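Under the numbering used here, the first residue of the sequence shown carries the number 9, and numbering increases by one thereafter. Glycine included, C-beta positions come from ideal geometry on N, C-alpha and C. The model shown is predicted, which means the values in this text are computed figures rather than measured ones.
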Amino acid sequence: MTSILKTDEIQSQNGSSAIDVANGTLKHPSASGDNLVLGSNGAVIIGSSSSEPTGGTEGQLYYNTTTKKLYIHNGASFIDVSSDDMDPFGDESQVCYFGLNNNLEDFHLRASATGSSASYVSAKVEKGFSFSGTNYVSFTNIDLSSSTDWSVSLWLNITNLTNSNNLYVFGSQTTSKGQLVIQTSSDKFGIADDAASGTFDVFPSASAISSGTTVHIVLSYNGSSVITGYQNGSSIGTISKACALDTTEHLGTASSQPGNSSYSPTGWADQLRIFNRALTASEALYLYNQGR
(Lines of atoms letter the chains of each structure in order from A and count residues from 1; the text may use other names and numbers.)
(Lines give C-alpha, C1' and ligand atoms only; values in the text may rest on other atoms or scores of the structure.)
Protein backbone atom coordinates (compact mmCIF):
# COMPACT_ATOMS: atom_id res chain seq x y z
CA MET A 1 0.00 0.00 0.00
CA THR A 2 1.34 3.43 -0.95
CA SER A 3 0.43 6.53 1.06
CA ILE A 4 0.16 9.83 -0.73
CA LEU A 5 0.54 13.20 1.00
CA LYS A 6 -1.77 15.63 -0.72
CA THR A 7 -1.22 19.36 -1.09
CA ASP A 8 -4.32 20.24 0.90
CA GLU A 9 -2.96 18.20 3.83
CA ILE A 10 0.09 20.42 4.21
CA GLN A 11 -0.53 23.70 5.95
CA SER A 12 1.47 26.67 7.13
CA GLN A 13 2.41 27.06 10.79
CA ASN A 14 -0.73 29.00 11.64
CA GLY A 15 -2.89 26.68 9.59
CA SER A 16 -4.34 29.50 7.54
CA SER A 17 -3.04 28.57 4.13
CA ALA A 18 -1.75 25.50 2.36
CA ILE A 19 1.88 25.10 1.39
CA ASP A 20 2.52 25.20 -2.36
CA VAL A 21 3.79 21.90 -3.72
CA ALA A 22 5.33 21.78 -7.18
CA ASN A 23 8.08 19.66 -8.74
CA GLY A 24 9.16 18.26 -5.40
CA THR A 25 9.39 21.64 -3.67
CA LEU A 26 7.47 22.68 -0.55
CA LYS A 27 7.08 26.44 -0.21
CA HIS A 28 4.98 28.82 1.84
CA PRO A 29 3.01 30.96 -0.61
CA SER A 30 3.94 34.26 1.04
CA ALA A 31 7.53 33.59 2.13
CA SER A 32 10.88 33.49 0.39
CA GLY A 33 13.90 31.38 1.16
CA ASP A 34 12.03 28.66 3.05
CA ASN A 35 11.84 26.03 0.32
CA LEU A 36 12.18 22.36 1.17
CA VAL A 37 13.31 20.53 -1.93
CA LEU A 38 12.92 16.78 -2.31
CA GLY A 39 15.71 15.81 -4.69
CA SER A 40 15.41 13.03 -7.26
CA ASN A 41 18.23 11.16 -5.49
CA GLY A 42 16.30 11.13 -2.20
CA ALA A 43 18.07 14.17 -0.76
CA VAL A 44 16.15 16.68 1.35
CA ILE A 45 17.40 20.22 0.73
CA ILE A 46 16.33 22.97 3.13
CA GLY A 47 15.99 26.65 2.34
CA SER A 48 19.12 28.69 1.76
CA SER A 49 20.05 32.35 1.98
CA SER A 50 23.20 34.46 1.67
CA SER A 51 22.39 36.18 4.99
CA GLU A 52 20.49 35.50 8.19
CA PRO A 53 16.69 35.55 7.71
CA THR A 54 14.86 38.37 9.40
CA GLY A 55 13.06 37.32 12.57
CA GLY A 56 13.16 33.57 12.87
CA THR A 57 11.16 30.97 14.75
CA GLU A 58 12.50 28.47 17.26
CA GLY A 59 13.45 25.30 15.42
CA GLN A 60 13.84 27.02 12.04
CA LEU A 61 16.72 25.75 9.89
CA TYR A 62 18.48 27.47 7.03
CA TYR A 63 21.70 27.04 5.05
CA ASN A 64 23.90 30.12 4.66
CA THR A 65 25.42 30.19 1.18
CA THR A 66 28.03 32.75 2.29
CA THR A 67 29.47 30.94 5.33
CA LYS A 68 28.62 27.47 3.93
CA LYS A 69 27.11 26.49 7.29
CA LEU A 70 23.80 25.21 8.64
CA TYR A 71 22.00 27.30 11.29
CA ILE A 72 19.08 26.65 13.64
CA HIS A 73 17.06 29.18 15.61
CA ASN A 74 17.18 28.50 19.38
CA GLY A 75 14.33 30.83 20.25
CA ALA A 76 16.61 33.86 20.56
CA SER A 77 18.97 33.78 17.58
CA PHE A 78 20.38 31.55 14.84
CA ILE A 79 23.31 29.37 15.95
CA ASP A 80 25.76 27.36 13.89
CA VAL A 81 24.89 23.66 14.23
CA SER A 82 27.91 22.53 12.20
CA SER A 83 30.33 23.40 15.02
CA ASP A 84 30.75 22.56 18.70
CA ASP A 85 30.24 26.18 19.82
CA MET A 86 27.62 25.19 22.39
CA ASP A 87 29.85 22.60 24.10
CA PRO A 88 33.44 22.90 22.87
CA PHE A 89 34.83 20.15 25.11
CA GLY A 90 31.85 17.81 25.32
CA ASP A 91 31.44 18.09 29.09
CA GLU A 92 28.88 20.91 29.45
CA SER A 93 31.45 23.03 31.29
CA GLN A 94 30.62 26.12 29.22
CA VAL A 95 28.05 27.99 31.29
CA CYS A 96 27.53 30.91 28.93
CA TYR A 97 28.58 31.96 25.45
CA PHE A 98 28.05 35.45 24.07
CA GLY A 99 28.86 35.62 20.36
CA LEU A 100 28.29 39.42 20.45
CA ASN A 101 27.15 39.27 16.83
CA ASN A 102 24.78 42.25 16.70
CA ASN A 103 23.18 41.19 19.98
CA LEU A 104 23.85 40.49 23.66
CA GLU A 105 22.27 37.04 23.83
CA ASP A 106 23.72 34.05 25.61
CA PHE A 107 23.43 31.15 23.17
CA HIS A 108 22.68 28.90 26.17
CA LEU A 109 19.82 31.22 27.23
CA ARG A 110 21.06 31.15 30.83
CA ALA A 111 22.93 34.39 31.51
CA SER A 112 21.68 37.86 30.58
CA ALA A 113 23.38 41.01 29.37
CA THR A 114 22.63 44.68 28.96
CA GLY A 115 24.74 47.12 27.02
CA SER A 116 25.47 50.78 27.58
CA SER A 117 25.22 52.41 24.12
CA ALA A 118 25.74 49.02 22.46
CA SER A 119 27.10 49.02 18.92
CA TYR A 120 28.82 46.39 16.79
CA VAL A 121 31.64 46.24 14.23
CA SER A 122 33.30 43.57 12.11
CA ALA A 123 35.34 41.41 14.47
CA LYS A 124 36.79 37.90 14.78
CA VAL A 125 33.58 36.02 13.95
CA GLU A 126 31.26 38.26 11.94
CA LYS A 127 30.41 41.12 14.37
CA GLY A 128 31.72 41.99 17.83
CA PHE A 129 30.91 44.53 20.54
CA SER A 130 32.43 47.92 19.77
CA PHE A 131 34.18 49.77 22.62
CA SER A 132 33.86 53.56 22.44
CA GLY A 133 35.79 54.27 25.62
CA THR A 134 32.64 54.98 27.60
CA ASN A 135 30.31 52.07 26.83
CA TYR A 136 30.34 48.59 28.33
CA VAL A 137 28.31 45.40 28.83
CA SER A 138 26.98 44.05 32.13
CA PHE A 139 26.43 40.28 32.35
CA THR A 140 24.15 38.84 35.03
CA ASN A 141 22.99 35.39 36.20
CA ILE A 142 26.34 33.75 35.49
CA ASP A 143 25.93 30.38 37.20
CA LEU A 144 29.17 29.16 38.77
CA SER A 145 27.44 27.72 41.82
CA SER A 146 28.72 24.21 41.13
CA SER A 147 32.41 25.12 41.17
CA THR A 148 34.99 27.53 42.58
CA ASP A 149 37.05 27.03 39.42
CA TRP A 150 36.37 29.15 36.33
CA SER A 151 37.77 30.14 32.96
CA VAL A 152 37.11 33.02 30.59
CA SER A 153 37.90 33.05 26.86
CA LEU A 154 37.75 36.24 24.80
CA TRP A 155 38.97 37.82 21.55
CA LEU A 156 40.08 41.45 21.79
CA ASN A 157 41.29 44.23 19.53
CA ILE A 158 42.26 47.32 21.56
CA THR A 159 43.15 50.65 19.95
CA ASN A 160 43.88 53.06 22.83
CA LEU A 161 47.02 51.52 24.32
CA THR A 162 48.52 55.02 24.63
CA ASN A 163 46.04 55.71 27.42
CA SER A 164 47.78 57.11 30.51
CA ASN A 165 45.92 54.75 32.85
CA ASN A 166 45.62 50.96 32.81
CA LEU A 167 42.64 49.66 30.84
CA TYR A 168 40.09 47.52 32.67
CA VAL A 169 38.74 45.02 30.12
CA PHE A 170 36.69 42.38 31.96
CA GLY A 171 35.70 41.58 35.51
CA SER A 172 33.75 42.51 38.59
CA GLN A 173 33.21 45.95 40.07
CA THR A 174 33.59 44.69 43.64
CA THR A 175 36.70 44.16 45.73
CA SER A 176 38.78 40.98 45.84
CA LYS A 177 37.57 39.81 42.44
CA GLY A 178 39.60 39.02 39.35
CA GLN A 179 39.78 41.78 36.75
CA LEU A 180 41.51 41.47 33.37
CA VAL A 181 43.60 44.59 32.86
CA ILE A 182 46.00 45.84 30.18
CA GLN A 183 48.97 47.67 31.68
CA THR A 184 49.44 50.51 29.20
CA SER A 185 53.02 51.20 30.27
CA SER A 186 54.00 47.75 28.95
CA ASP A 187 50.95 46.88 26.79
CA LYS A 188 50.71 43.55 28.61
CA PHE A 189 47.85 41.63 30.20
CA GLY A 190 47.56 41.34 33.96
CA ILE A 191 45.13 40.83 36.83
CA ALA A 192 43.89 43.40 39.34
CA ASP A 193 41.99 42.30 42.43
CA ASP A 194 40.51 45.73 43.12
CA ALA A 195 40.57 48.86 40.96
CA ALA A 196 40.37 51.13 43.98
CA SER A 197 43.48 49.74 45.69
CA GLY A 198 45.49 49.50 42.49
CA THR A 199 46.78 46.01 43.34
CA PHE A 200 47.91 44.74 39.95
CA ASP A 201 50.19 42.02 38.55
CA VAL A 202 51.31 41.45 34.96
CA PHE A 203 51.47 37.86 33.69
CA PRO A 204 55.21 37.05 33.81
CA SER A 205 55.50 35.74 30.22
CA ALA A 206 52.95 38.02 28.57
CA SER A 207 53.89 39.55 25.22
CA ALA A 208 53.18 43.19 24.52
CA ILE A 209 50.15 43.63 22.29
CA SER A 210 49.95 46.15 19.46
CA SER A 211 47.24 48.71 18.96
CA GLY A 212 44.61 47.44 16.53
CA THR A 213 45.91 43.85 16.57
CA THR A 214 43.53 40.98 17.34
CA VAL A 215 44.53 38.83 20.31
CA HIS A 216 42.99 35.84 22.08
CA ILE A 217 43.12 35.66 25.87
CA VAL A 218 42.12 32.85 28.25
CA LEU A 219 42.07 33.15 32.03
CA SER A 220 41.99 29.83 33.89
CA TYR A 221 41.44 29.86 37.67
CA ASN A 222 42.00 26.70 39.71
CA GLY A 223 39.95 27.76 42.74
CA SER A 224 43.08 27.91 44.91
CA SER A 225 44.32 31.44 44.29
CA VAL A 226 46.20 30.72 41.04
CA ILE A 227 45.20 32.22 37.66
CA THR A 228 46.94 30.92 34.53
CA GLY A 229 46.89 33.14 31.47
CA TYR A 230 47.03 32.09 27.82
CA GLN A 231 47.70 34.57 25.03
CA ASN A 232 47.11 33.39 21.46
CA GLY A 233 47.17 29.78 22.64
CA SER A 234 50.41 29.97 24.63
CA SER A 235 50.85 30.13 28.39
CA ILE A 236 51.90 33.53 29.74
CA GLY A 237 52.41 32.24 33.27
CA THR A 238 50.49 32.38 36.51
CA ILE A 239 49.42 35.02 39.01
CA SER A 240 48.63 34.19 42.62
CA LYS A 241 45.41 35.94 43.59
CA ALA A 242 42.19 34.76 45.21
CA CYS A 243 39.74 35.83 42.53
CA ALA A 244 36.24 34.41 42.41
CA LEU A 245 33.94 35.45 39.57
CA ASP A 246 30.70 37.18 40.49
CA THR A 247 27.29 36.29 39.12
CA THR A 248 27.58 39.77 37.56
CA GLU A 249 30.58 40.64 35.39
CA HIS A 250 31.43 43.49 33.03
CA LEU A 251 33.05 43.80 29.62
CA GLY A 252 34.66 47.06 28.62
CA THR A 253 35.11 48.10 32.23
CA ALA A 254 35.93 46.30 35.42
CA SER A 255 36.81 49.23 37.59
CA SER A 256 34.61 50.90 40.17
CA GLN A 257 33.90 53.64 37.63
CA PRO A 258 31.91 52.12 34.74
CA GLY A 259 31.89 54.23 31.62
CA ASN A 260 34.89 56.29 32.74
CA SER A 261 37.00 56.85 29.62
CA SER A 262 40.12 57.16 31.79
CA TYR A 263 40.10 53.39 32.35
CA SER A 264 37.97 51.99 29.51
CA PRO A 265 39.23 50.51 26.22
CA THR A 266 38.40 51.41 22.64
CA GLY A 267 38.30 48.76 19.93
CA TRP A 268 36.20 45.59 20.08
CA ALA A 269 35.58 42.31 21.90
CA ASP A 270 34.17 39.07 20.50
CA GLN A 271 33.26 35.50 21.44
CA LEU A 272 33.04 35.73 25.23
CA ARG A 273 32.87 32.31 26.88
CA ILE A 274 32.75 31.44 30.58
CA PHE A 275 33.40 27.92 31.89
CA ASN A 276 32.82 26.38 35.33
CA ARG A 277 36.25 24.80 35.52
CA ALA A 278 39.89 25.59 34.85
CA LEU A 279 40.75 25.04 31.19
CA THR A 280 43.96 23.21 30.32
CA ALA A 281 46.74 24.44 28.05
CA SER A 282 45.55 22.20 25.21
CA GLU A 283 41.99 23.50 25.57
CA ALA A 284 43.12 27.13 25.47
CA LEU A 285 45.13 26.33 22.35
CA TYR A 286 42.12 24.61 20.79
CA LEU A 287 39.92 27.68 21.24
CA TYR A 288 42.62 29.86 19.71
CA ASN A 289 43.22 27.56 16.73
CA GLN A 290 39.49 27.27 16.08
CA GLY A 291 39.13 31.06 16.07
CA ARG A 292 36.67 30.80 18.93
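With respect to Lys249, Ile199 sits close: the two C-beta atoms are nearer than 8 Å. The Cβ-Cβ distance between Gln279 and Val133 falls below 8 Å. Selection Ala277, Gly186 and Phe147 evaluated against Ser127 yields Ala277 as nearest (Cα-Cα). In this structure, Ile247 and Phe211 form a Cβ contact; the two beta carbons are roughly 6 Å apart against a cut-off of 8 Å.
Our two residues, Asn109 and Ala289, have alpha carbons roughly 27 Å apart in a direct line.
Considering only Ser269, Ala286, Thr156 and Ser138, the residue with the shortest C-alpha distance to Gly107 is Ser138. Burial check for Val103: the Cβ neighbour count within 10 Å reaches 16 or more, so the residue is buried. In this structure Gln298 is exposed. Its beta-carbon is surrounded by fewer than 16 other beta-carbon atoms within 10 angstroms. In the displayed model, Glu291 falls within a helix according to three-state DSSP. If you check the CB distance, Val129 and Gly136 come in under 8 Å.
For Asn297, the three-state secondary structure derived from DSSP is helix. In this structure, Thr142 sits near Ser269, with a CB-CB distance shorter than 8 Å. Note that the C-beta distance between Gly186 and Leu253 is below 8 Å. When secondary structure is reduced to three states using DSSP, Tyr79 falls in the strand class.
The beta carbon of Ser180 sits closer than 8 Å to the beta carbons of Gly186, Gln187, Leu253, Asp254, Thr256, Glu257, His258 and Ala262 from its chain, once the five residues preceding and following it are set aside; these are given in chain order. When DSSP reads this structure, Ser120 sits in a beta bridge with Thr148. For the pair Ser155 and Val226, the CB atoms are not nearer than the 8 Å cut-off. The three-state reading of DSSP puts Leu112 in coil, since its state is none of H, G, I, E or B. For Phe211, no beta strand (DSSP E) run applies, since DSSP gives it neither H nor E.
Contact between Gly241 and Ala292 is confirmed by a C-beta separation of about 6 Å, below the 8 Å threshold. Judged by DSSP in its simplified three-state form, Ser130 adopts strand. Taking C-alpha positions only, Leu169 is separated from Leu152 by approximately 32 Å.
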